[in-house]
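Here the structure comes first, spelled out in structure tokens, and everything after it is commentary.
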Amino acid sequence: MTNRPITTDDAGIPAPSDEHSLSVGPNGPLLLQDHYVIQKMAHFNRERVPERVVHAKGGGAYGTLQITEDVSQYTKAKLFQKGVETPLFLRFSTVAGELGSADTARDPRGFAIKFYTEDGNYDIVGNNTPIFFIRDPQKFSDFIHSQKRRPDNHLRDNNMQWDFWTLSPESAHQVTFLMTDRGTPASWRHMHGFGSHTFLWYNAAGERYWVKYHFKTDQGIQNFTASEAAALQATDPDYHTRDLFYAIQRGEHPSWTVNVQIMPFEAAADYRFNPFDLTKVWPHSDYPEITIGRFVLNRNPENYFAEVEQAGFEPANMVPGIGPSPDKMLQGRLFSYPDAHRYRIGPNYLQLPVNKPRTPVNSYNFDGPMTFQNPAGPVYAPNSVGGPAADPSLYEGENYHVTGEIVRSAYTKHAEDDDYVQPRALWENVLSDTDRAHLVSNIVGHASAPEVTTDMKKRVVEYWTNIHKDLGHGVAQGLGLV
Numbered sequence: 001m002t003n004r005p006i007t008t009d010d011a012g013i014p015a016p017s018d019e020h021s022l023s024v025g026p027n028g029p030l031l032l033q034d035h036y037v038i039q040k041m042a043h044f045n046r047e048r049v050p051e052r053v054v055h056a057k058g059g060g061a062y063g064t065l066q067i068t069e070d071v072s073q074y075t076k077a078k079l080f081q082k083g084v085e086t087p088l089f090l091r092f093s094t095v096a097g098e099l100g101s102a103d104t105a106r107d108p109r110g111f112a113i114k115f116y117t118e119d120g121n122y123d124i125v126g127n128n129t130p131i132f133f134i135r136d137p138q139k140f141s142d143f144i145h146s147q148k149r150r151p152d153n154h155l156r157d158n159n160m161q162w163d164f165w166t167l168s169p170e171s172a173h174q175v176t177f178l179m180t181d182r183g184t185p186a187s188w189r190h191m192h193g194f195g196s197h198t199f200l201w202y203n204a205a206g207e208r209y210w211v212k213y214h215f216k217t218d219q220g221i222q223n224f225t226a227s228e229a230a231a232l233q234a235t236d237p238d239y240h241t242r243d244l245f246y247a248i249q250r251g252e253h254p255s256w257t258v259n260v261q262i263m264p265f266e267a268a269a270d271y272r273f274n275p276f277d278l279t280k281v282w283p284h285s286d287y288p289e290i291t292i293g294r295f296v297l298n299r300n301p302e303n304y305f306a307e308v309e310q311a312g313f314e315p316a317n318m319v320p321g322i323g324p325s326p327d328k329m330l331q332g333r334l335f336s337y338p339d340a341h342r343y344r345i346g347p348n349y350l351q352l353p354v355n356k357p358r359t360p361v362n363s364y365n366f367d368g369p370m371t372f373q374n375p376a377g378p379v380y381a382p383n384s385v386g387g388p389a390a391d392p393s394l395y396e397g398e399n400y401h402v403t404g405e406i407v408r409s410a411y412t413k414h415a416e417d418d419d420y421v422q423p424r425a426l427w428e429n430v431l432s433d434t435d436r437a438h439l440v441s442n443i444v445g446h447a448s449a450p451e452v453t454t455d456m457k458k459r460v461v462e463y464w465t466n467i468h469k470d471l472g473h474g475v476a477q478g479l480g481l482v
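According to full-length UniProt numbering, the sequence shown is numbered sequentially starting from 1.
In structure tokens:
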């Protein structure tokens, strides 16, 4: 360690941290003055031209959300009021593979929804898992680099993946999900979706709540085994894309039930673990899921490039009644996603039909490449010639008090914060005997790649033993280390 060089930014200036973004106290929001995390995210967004750096391979469809229950006591967001129907566009994707990769590979699936509400676009950019590999955006580009191709031989490298995972114990919950058969869903229609992050809801009286979104497939969960998924990678790498398109064309419109978990605002402070940690779920025994509605996908795109490839989703798109939480990963994505679209598609990507809100746009932004909806004027605020004016009262309720020194720190630990407790519960209480056997065999298969070193295999065994001794022993046996 003593001979290792010091990390620097791209100007050669010593980096302040490899792992932690700058926040107001350990649990507070991130700061725009953290130039280093912004530089990392902005550079990361510009690594590939023109496909997405992550979530490159995907497909999508249009549909409608209908709210069936009254949740006005929790949020004043108009799209979530009982009886309201809202058009939407949903894009499914894989995370690590390139545009031409197989969509049945073992990988999390993106589950990104754009709601065209009467207050503008509301985007929920989630996955088919309720958690993620890391909890601080400082590590995001490093994580994705470990899952992509090596710079020297341009090959994927399982040893590189395990190197990052075993050095990042917070990844254990997500990697456990990934290595079960949930990592190879049978189709996009047969998997759940999640908002993953924690969000803020506030009602007309300004009362605040924390919320998590769950989208439960009405088709039922179906997964492939590792061998079934591998066979399809060879015979039909576009299997999921094909399945969704032709199911909708046949009139078999897939649907999902929309559930939420609601936590009182004050309960977060002393909850038994950090409720804003993206590597954790909220146990249903504490906060049961509440059904609020359902959405259906019923129309295919007419042109893949125009409507799927150029679709841009951004967690920063939040309508009145909804706000961000202090989830550090969410805070980083508020910047990163729209910045990626401005680079990849152009600064006027929101003027494209698939991204365009269904309500009038009264913005003071103008010009830029490919613009065709410039305001006639004025193009500045304040002005005395009748230009649009903001109404801060629409967002009364999203503000809350935070205190703390400006620090680079991990979250303050709550009473039961531990990286292995929840994946251990998944192994002990959720997975069937078949699921456990497949989990072990999937791990062994991945860690048996020829590039995975003997030392790395020992670290892999230690990683899984930390979750459960039986799981670690099974992996050790499969890798020939016992």
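Ideal Cβ placement from N, Cα and C applies to all residues, glycine included.
All figures in this text were calculated on a predicted structure; none of them were measured in a lab.
From ASN153, HIS154 and LEU178, residue whose alpha carbon lies closest to that of SER165: Note that residue 165 corresponds to Trp in the displayed sequence, not to Ser. Out of ASN153, HIS154 and LEU178, LEU178 has the C-alpha closest to the C-alpha of TRP165.
N- and C-terminal bounds of the beta strand (DSSP E) containing GLY474: Not the beta strand (DSSP E): GLY474 falls in the alpha helix (DSSP H), residues 469-478.
Beta-carbon contacts of GLN233 that lie in its chain and below 7 Å, excluding the five residues immediately before and after: ALA102, THR104 and ALA105
Presumed contact (8 Å Cβ cut-off) between GLY478 and ALA77, rounded CB distance: About 48 Å; that fails the 8 Å criterion.
For LEU426 and LEU325, the rounded distance between their alpha carbons: In the sequence on display, residue 325 carries Ser and not Leu. The straight-line gap from Cα to Cα measures roughly 26 Å.
PRO108 to THR225 span [Cα, whole Å]: 15 Å
Whole-angstrom C-beta distance between PHE305 and TYR337, which should lie under 8 Å: Going by Cβ atoms, the distance from TYR337 to PHE305 rounds to 20 Å, so no, they are not a contact pair.
Beta-carbon contacts of GLY323 that lie in its chain and below 6 Å, excluding the five residues immediately before and after: LEU200 and GLU398
Option in GLY100, GLY97, ASP142 and ALA56 with minimal Cα separation from LYS40: ASP142
Limits of the unbroken alpha helix (DSSP H) element including LYS139: LYS139 -> no alpha helix (DSSP H), and no H or E assigned at all.
ASN128 versus ASN383: straight-line alpha-carbon distance, rounded: 46 Å
Opposing strand residues paired with ASN121 [DSSP bridges]: TYR116
Runs of alpha helix (DSSP H) lying entirely within the stretch 158-187, each at least 4 residues, in chain order: 158-166 and 172-179
One or two residues paired with THR8 in a DSSP bridge: PRO14
Beta-carbon proximity of ASP218 to ASN442, cut-off 9 Å: no
Proximal residues to ALA247 (C-beta, below 7 Å), its chain only, five neighbours per side dropped: ARG189 and PRO254
First through last residue of the beta strand (DSSP E) which encompasses PHE366: Neither: PHE366 is in no beta strand (DSSP E) and is coded neither H nor E.
Span separating the alpha-carbon of GLN33 from that of ASN317: 22 Å
Presumed contact (8 Å Cβ cut-off) between GLY404 and VAL37, rounded CB distance: Between VAL37 and GLY404 the Cβ distance is about 17 Å, and since that is not below 8 Å, they are no contact.
As assigned by DSSP and simplified to three states, the class of TYR202: strand
Backbone secondary structure at TYR337 - three-state DSSP: helix
Neighbourhood of ASN159 by C-beta, 8 Å cutoff - its chain only, sequence neighbours within 5 removed: ALA449, GLU451, VAL452, THR453 and MET456
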